[in-house]
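Residue numbers (this note's numbering): 6 to 120.
Please read the structure below before turning to the comments.
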Amino acid sequence: VQLQASGGGLVQAGESLLLSCAPSISIFNIRTMGWYRQAPGKQRELVSTRTTAGLTNYADSVKGRFTISRDNAKNTVYLQMNSLKPEDTAVYYCNGDSVRYGSLWGQGTQVTVSS
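Printed below as a string of structure tokens:
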């Protein structure tokens, strides 16, 4: 079982990026999907999660700027990141909580925001 994350890149402060995460199993088999990030020298931290029921959670630092969503037809979860700041620079990891397979992690995608 894999989570394929994509969409990272280098942008300037104030710009936007859209991250995508596509699991190799049906998204309906994953109770909660989310995004975490890890900046150099720091611990991995939660960015946002979304349950199958549609409940969402955001880190205070990204509230109002980031939006997590999912497209069932495309079996994909997205993280729309607007008004990016240099402090958002990190490797972003997709995570899925599956009843059958436990906690699943994607390979990470680099987001770099220049000032």
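C-beta: ideal position from N, C-alpha, C; glycine also.
Can you round the beta-carbon distance between residue i and residue j to whole angstroms, since I take them to be within the 8 Å contact cut?
| i | j | result |
| --- | --- | --- |
| Ile73 | Ser53 | 4 Å |
| Val116 | Leu22 | 6 Å |
| Met38 | Arg70 | Going by Cβ atoms, the distance from Met38 to Arg70 rounds to 19 Å, so no, they are not a contact pair. |
| Asn80 | Ala27 | 6 Å |
| Gln85 | Ala10 | Their Cβ separation, rounded to whole angstroms, is 14 Å, which puts Gln85 and Ala10 out of contact at 8 Å. |
Per DSSP, which one or two residues make a beta bridge with residue i?
| i | result |
| --- | --- |
| Asn34 | Per DSSP, none; premise fails for Asn34. |
| Gln48 | Paired residue(s): none; Gln48 is not in a bridge. |
| Thr54 | Gly39 and Asn62 |
| Gly13 | For Gly13, which the question treats as bridged, DSSP gives no partner whatsoever. |
| Gly101 | Met38 and Leu109 |
| Val82 | Cys26 and Arg75 |
| Val96 | Gln43 and Gln115 |
Looking at the unbroken beta strand (DSSP E) that takes in residue i, where does it start and where does it end?
| i | result |
| --- | --- |
| Leu89 | Here Leu89 belongs to no beta strand (DSSP E), and DSSP marks it neither H nor E. |
| Thr117 | Thr114 to Ser119 |
| Tyr63 | Thr61 to Tyr63 |
| Ala27 | Leu22 to Pro28 |
| Arg75 | Phe71 to Asp76 |
| Gly107 | Gly107 to Trp110 |
For the candidate residues the options, whose alpha-carbon lies nearest to that of residue i?
| i | options | result |
| --- | --- | --- |
| Gln43 | Ile32, Tyr98, Ser11 and Gln9 | Tyr98 |
| Val104 | Phe33, Leu24, Val16 and Ser66 | Phe33 |
| Val67 | Tyr41, Ser31 and Pro28 | Tyr41 |
| Thr61 | Arg36, Gln48 and Lys47 | Arg36 |
| Arg55 | Lys47, Asp102, Tyr106 and Gly107 | Asp102 |
| Ser31 | Thr94, Val6 and Ala58 | Val6 |
Ignore the nearest five residues each way along the sequence and tell me which others in residue i's own chain have a CB closer than 8 Å to its CB.
| i | result |
| --- | --- |
| Ser119 | Leu15, Val16, Gln17, Ala18 and Pro91 |
| Glu50 | Tyr41, Arg42, Gln43 and Ala64 |
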